[in-house]
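Asker:
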Amino acid sequence: MDELERLVIEEAESVEVPSDVKAQIRSAVADVATPTTEFGRRRAARDAGFRRGQTTRFAALSAAAVIVAAALFGVGSFFTPDPETGSEVATDLAGPVAPEFAAGTTSSKGADGGGLALTDEAMGAPEAADSLQSRQSMPVEPPIGGGSGSVPGVPAQVIRTADIGVEVSDFDDAWAEAAAIPKRFGGFVESSTVSSVTGERTSSGTLTARVPADRLDDAIADFSELGEVRRQNTSTVDVAGELIDIDARLRSARTEEEALNGLLARASGIDDVLRVREQLNMIRYEIESLEGRKAALGNQVQYSTVSVSLFEDESSIDPDTDPGNFDQALKRAMSVALTVVYGALMVLAVLIPLALIAGAIWLIVRLFRR
Amino acid sequence: MDSTTSSLLDSWIEEHSEAVYRAAWLISRDHHRAQDISQETFIKAARAASSLPATANVRAWLYRIATNTALNAHRSKTRELRAVSRLDRPGEVAPSDVETREVVRTALDELPEHLRAVVVAKYWMQLSEKQIAEAVGIKVGTVKSRLHAARQMLADELSPAMEGGA
């Protein structure tokens, strides 16, 4: 054996090999062999979410395209003769909306005097929309009471929600005031939407606010002072039972996770590692899901949700006396008249050359006959 | 991965992982990197296991993967690692005053990593010059010249130790 070879081999043999090298390698190989690891599953879920998101966005874009096309067609066919008039009216439609909410505003008229126009923000909070629906279907209950989830002998963990409808004399002022109320009590506005009745004036809106549970009554009192309260619902749900259940399931899942970790450390083959890992991934997924649910419930207990609808008295925006409407009607009448004149001119422009040609032919025919 | 492949991999890990780790350590001079290289070697082996001919020399095949992995992993970090290993070294000490092993370690440390890899592949992993050429992606002639250069440098560094060991 070469002297250098002997020295290199000695050097190699003197290297301390950690006892867990084999286990680490088996674990790494198993990781590659299982695409269903936690990471893989999360990535798959994210991809699916992305695909769902893409589908939703595609549907939304398609719908928007159809609406825009329809609108353009309508406006275009009506205002073709005078593009200036068309653009004026279009500007009018978009103009008078409160600037901070202009993006999400539409002009449809709803049953309660103003159609609800969901902003992007509100669409991004399905939970808020769901809770609004469930609140509206709930009976009015006293602020504190035993819900279906109450547990005897256990402190209540109450989720409080409120829904209030207020008629105001001046929407813009009341809206600005309403938006400032949650902050006053250490809360925040979660989402807001505004809509208009006539297409010219913003006259109703809804905001969803989150305020610390112990300040909910104060906040409701302040919202009530904005005008005449037309509707008010408060509901409570005690989630103490659900939280106890979650805690018990979490304890059990963590014990199982610990046992599986022990098994994983002792696994002697890649197949064993794979089997234990699969179990471990499932249990970790469950733990994360339970922790998420617990945190969400805790947040809802800590912060009450209050949905506030503000709307103007409809008599204050009588279309017949509204000068804006008279102007608009006049413009529309003018543009209709212009359309008729333009159409007539177009017909003449086609007919006159034809008539001239026909006359010329007739003259030639007559000359030949003679 | 089917159970045949996983049991095959198990036997490879059982038989060769320590040797691969030692080689990785000799080339990388770092425990964490040696662990990464060992894991990466067997992951590559797991991926390619199904296409390995039944008659193949598994040991040589695995060691080729390990050498290639170690060299690739080491290439990007060479400068940083060498700077750190110099800092770790206990100053300028005469070879006659320290253990032979320390002299060998220092001498190997001094080798550029592309020379160290061929020395480890040749003398520890017992790969042929042709196998080293395939693993590192160089010509057999280049392997020979690198081995010669490495031997020359090591001989200069190790002459007292080699004399002592003889």
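Chains as they are written, first to last, in the working numbering: chain A, 1 to 370; chain B, 1 to 166. The C-beta atom is built at its ideal place from N, Cα and C for all residues, glycine as well.
1. In the DSSP assignment, the beta strand (DSSP E) including residue 162(A) goes from what residue to what residue?
2. Verify the CB distance criterion: does residue 276(A) have a CB-CB separation below 9 angstroms to chain B?
3. Per DSSP, which one or two residues make a beta bridge with residue 312(A)?
4. For chain B, check one thing: does any of its Cβ atoms lie closer than 9 angstroms to the Cβ of residue 24(A)?
5. Classify residue 173(A) as buried or exposed, calling it buried when 16 or more other Cβ atoms lie within 10 Å of its own Cβ.
6. Using three-state DSSP, classify residue 72(B) as helix, strand or coil.
7. Taking residue 133(B) and residue 120(B) to be in contact with their CB atoms under 8 angstroms, please state how far apart those CB atoms are, rounded to whole angstroms.
8. Express the C-alpha separation of residue 2(B) and residue 115(B) in angstroms, rounding to a whole number.
9. Taking a Cβ distance cut-off of 7 angstroms, strictly less, list which residues of the segment 251-283 of chain A are near chain B, in chain order.
10. Between which two residues does the beta strand (DSSP E) containing residue 233(A) stretch?
11. Under 9 angstroms between C-beta atoms, does residue 131(B) make it to chain A?
12. For residue 210(A), does the three-state DSSP call read helix, strand or coil?
13. Between residue 88(B) and chain A, is any beta-carbon pair separated by less than 9 angstroms?
14. Below 8 angstroms, can you find three or more Cβ-Cβ pairs linking the segment 231-251 of chain A to the segment 175-187 of chain A?
15. List, in order along the chain, the chain A residues whose C-beta lies closer than 9 angstroms to that of residue 111(B)?
16. Any beta carbon of chain A sitting closer than 9 angstroms to that of residue 122(B)?
17. Mapping the DSSP letters down to three states, classify residue 185(A) as helix, strand or coil.
18. Would residue 274(A) and residue 155(B) be called neighbours here (beta carbons separated by less than 9 angstroms)?
19. Residues of the segment 299-314 of chain A in Cβ contact with chain B at a cutoff of 9 angstroms, in chain order, please.
20. Just to make sure I have the definition right: I need the residues of chain A whose C-beta is within less than 9 angstroms of the C-beta of residue 119(B). Which are they?
21. Could you name the residues of chain B that residue 291(A) contacts, counting a contact when the two beta carbons are closer than 8 angstroms?
22. Quick one: grab the DSSP three-state call for residue 128(B).
23. Quick check: the Cα distance between residue 148(B) and residue 108(B), rounded to an integer number of angstroms?
24. Give the secondary structure of residue 38(B) by DSSP, where H, G and I count as helix, E and B as strand, and everything else as coil.
25. Assign residue 236(A) to one of two classes, buried (16 or more other C-beta atoms within 10 Å of its C-beta) or exposed (fewer than that).
26. Report the neighbours of residue 25(B) on chain A: residues whose CB is nearer than 9 angstroms to its CB, in chain order.
27. Closer than 9 angstroms, Cβ to any Cβ of chain A: which residues of the segment 139-157 of chain B, in chain order?
28. With three or more beta-carbon pairs closer than 8 angstroms as the criterion, would you say the segment 294-308 of chain A touches the segment 23-37 of chain B?
29. Within 10 angstroms of the Cβ of residue 13(A), are there 16 or more other Cβ atoms? Answer buried if so, exposed if not.
30. Counting only beta-carbon separations shorter than 9 angstroms, does residue 31(B) have a partner in chain A?
31. Residue 289(A): which of 253(A), 300(A), 370(A) and 311(A) sits nearest, CA to CA?
32. Give me the residue from 20(B), 26(B) and 16(B) with the minimum Cα distance to residue 106(B).
33. Between which two residues does the alpha helix (DSSP H) holding residue 271(A) run?
34. Please list the terminal residues of the continuous alpha helix (DSSP H) segment that includes residue 22(A).
35. When you compare the segment 9-19 of chain B with the segment 23-32 of chain A, are there three or more beta-carbon pairs, one atom per stretch, that lie closer than 8 angstroms?
36. Pick helix, strand or coil for residue 14(A), following the three-state DSSP scheme.
Answerer: This is what the structure gives:
1. Here residue 162(A) corresponds to residue number 162 of the first sequence, with the count starting at 1. Its beta strand (DSSP E) spans residues 158-168.
2. Stepping through the first sequence from its first residue, residue 276(A) is reached at position 276. It does not: the Cβ of residue 276(A) has no partner Cβ on chain B nearer than 9 angstroms.
3. Residue numbering aside, residue 312(A) sits at position 312 when the first sequence is read from its first letter. DSSP, once it has assigned bridges, lists 168(A) as partnering residue 312(A).
4. As a first step, residue 24(A) is located in the first sequence; it is residue number 24 there, counting from the start. Interface residue, yes.
5. If you number the first sequence from 1, residue 173(A) lands on position 173. Exposed, by the Cβ-count rule.
6. Taking the second sequence and counting its residues from 1, one reaches residue 72(B) at position 72. Note: residue 72(B) maps to helix in three-state DSSP.
7. Counting from 1 along the second sequence, the entry for residue 133(B) is found at position 133. Counting from 1 along the second sequence, the entry for residue 120(B) is found at position 120. 15 angstroms between Cβ atoms; not a contact.
8. Numbered from 1 along the second sequence, position 115 holds the residue referred to as residue 115(B). Numbered from 1 along the second sequence, position 2 holds the residue referred to as residue 2(B). For residue 115(B) and residue 2(B), the distance between alpha carbons rounds to 39 angstroms.
9. 269, 270 and 271
10. Counted from its first residue, the first sequence places residue 233(A) at position 233. Per DSSP, residue 233(A) belongs to the beta strand (DSSP E) from 228-238.
11. Residue mapping note: residue 131(B) aligns to position 131 of the second sequence, counting from 1. Closer than 9 angstroms: no.
12. The count along the first sequence starts at 1 and reaches residue 210(A) at position 210. Correct three-state label for residue 210(A): strand.
13. Your numbering for residue 88(B) matches position 88 in the second sequence. Because the pLDDT at residue 88(B) is just 43, under 50, the model does not fix this residue reliably, and the value given afterwards should be weighed accordingly. Not closer than 9 angstroms to any Cβ of chain A, the Cβ of residue 88(B) fails to qualify, so no.
14. no
15. By one-based count along the second sequence, residue 111(B) stands at place 111. Correct list: empty, because the minimum Cβ distance to chain A is about 11 angstroms.
16. What you label residue 122(B) is simply residue 122 of the second sequence in a count that begins at 1. Answer yes: the Cβ-Cβ gap between residue 122(B) and chain A drops below 9 angstroms somewhere.
17. Locating residue 185(A) in the first sequence gives position 185, counting from the first residue. DSSP places residue 185(A) in coil when its eight states are reduced to three.
18. If you number the first sequence from 1, residue 274(A) lands on position 274. If you number the second sequence from 1, residue 155(B) lands on position 155. Going by C-beta atoms, residue 274(A) is not nearer than 9 angstroms to residue 155(B).
19. none
20. Here residue 119(B) corresponds to residue number 119 of the second sequence, with the count starting at 1. Simply 4 and 8.
21. Position 291 of the first sequence, counted from the first residue, corresponds to residue 291(A). Neighbours of residue 291(A) on chain B: none; closest Cβ ~30 angstroms, over 8 angstroms.
22. As a position in the second sequence, residue 128(B) is number 128, starting the count at 1. In the structure shown, residue 128(B) sits in coil (DSSP, three-state: anything other than H, G, I, E or B).
23. Residue numbering aside, residue 148(B) sits at position 148 when the second sequence is read from its first letter. Residue numbering aside, residue 108(B) sits at position 108 when the second sequence is read from its first letter. Their backbone Cα atoms lie some 14 angstroms apart in a straight line.
24. Sequence index remark: in the second sequence, residue 38(B) carries index 38 (1-based). Three-state DSSP puts residue 38(B) in a helix.
25. Position 236 of the first sequence, counted from the first residue, corresponds to residue 236(A). Buried.
26. The residue you call residue 25(B) lines up with position 25 of the second sequence. Those within 9 angstroms of residue 25(B) in chain A are 12, 15, 16 and 17.
27. 150, 151, 154 and 155
28. no
29. Numbered from its first residue, the first sequence carries residue 13(A) at position 13. It counts as exposed.
30. Translated into positions along the second sequence, residue 31(B) becomes position 31. With 9 angstroms as the cut-off, residue 31(B) counts as an interface residue toward chain A.
31. Mapped onto the first sequence, residue 289(A) falls at position 289. Residue 253(A) is the option with its Cα nearest to residue 289(A).
32. In the second sequence, the residue the question calls residue 106(B) occupies position 106. Checking every option, the nearest Cα to that of residue 106(B) belongs to 26(B).
33. Position 271 of the first sequence, counting from 1, holds the residue named residue 271(A). It spans 270-302 - the alpha helix (DSSP H) in which residue 271(A) sits, taken as one unbroken run.
34. Working through the first sequence from its first residue, we reach residue 22(A) at position 22. Its alpha helix (DSSP H) spans residues 21-33.
35. yes
36. For the purposes of this step, residue 14(A) is identified with residue 14 of the first sequence, where counting begins at 1. Looking at residue 14(A) - three-state DSSP - the assignment turns out to be coil, as it is neither helix nor strand.
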